[in-house]
Amino acid sequence: MKPKNYFAVFAKMPIEAKVFTLQRAWDIHLDKAKELLEKLETELKYQETLLSLTQRKSHITEQETTLIDKIKRVRLSDRRRSREGKQTRLIRLRYFHEIEKLRKEGLGWRKISEYIKTYHHKQISHVTIRNAYLKIKKQMEQEK
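No gaps in the numbering here: position 55 of the sequence shown is 54 in numbering that gives the first Met the number 0, and each next residue is one more.
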């Protein structure tokens, strides 16, 4: 009897089934399983690209392979940087200084959220306000 190629079976599974399989196999949280699957897929694509490049007739040298490796990793790290969301952008452009003033007056994040809803007619979660405010403040400090 021929042994079954489980990698081929895994590759044909839908994403949800892959995540579930990883979660069950390593007894980990769902988010961690998704993260591992993304890393696994990224690395497999990368290795496949390198393999196909080295098998070409153009005879890529080891230095060129290393250079390709660096370029791919830089592109991958750039892709991981998340773009600024709509609400974060809104907070940065319109409400940041006002939130800063309210924080100095001693208001909490929930009260600031209510304030923005009342006076600006925009409903933004207190968690979103807090995260955006801290992120923007950190960026401003790094620019100094």
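Built from N, CA and C at the ideal position, the CB exists for glycine as well.
Please read all numbers here as calculations on a predicted model, not as lab measurements.
Review point. Straight-line CA distance for Leu49 to Thr64?
Key: Leu49 and Thr64 have their C-alpha atoms spaced approximately 7 angstroms apart.
Point to revise | Distance between Lys121 and Trp25 (C-alpha atoms, nearest Å) | key: Taking the straight line from one Cα to the other gives about 43 angstroms.
Practice item. Check each candidate in Leu39, Glu37, Lys38 and Ile67 and name the one with the smallest Cα separation from Ser51. Key: The shortest Cα separation from Ser51 among Leu39, Glu37, Lys38 and Ile67 belongs to Ile67.
Check your understanding: For Tyr118, which option in Met139, Arg93, Tyr132 and Lys33 has the closest C-alpha, if you only look at C-alpha atoms?
Key -> Minimum Cα-Cα distance from Tyr118 among the listed residues Met139, Arg93, Tyr132 and Lys33 corresponds to Arg93.
Practice item. Excluding the 5 residues preceding and the 5 following Phe95 in the sequence, name in chain order all residues of the same chain whose CB lies nearer than 6 angstroms to its CB. Key: Ile135, listed in sequence order.
Point to revise | Pairwise C-alpha distance: Ile90 and Leu101 | key: Those two C-alpha atoms are separated by around 14 angstroms.
Review point. Which first and last residues belong to the alpha helix (DSSP H) in which Glu99 is found?
Key: Where Glu99 is concerned, the enclosing alpha helix (DSSP H) stretches over Phe95 to Lys103.
Point to revise | CB of Gln86 within 8 angstroms of CB of Ala131, strictly | key: Yes, the Cβ-Cβ distance between Gln86 and Ala131 is below 8 angstroms.
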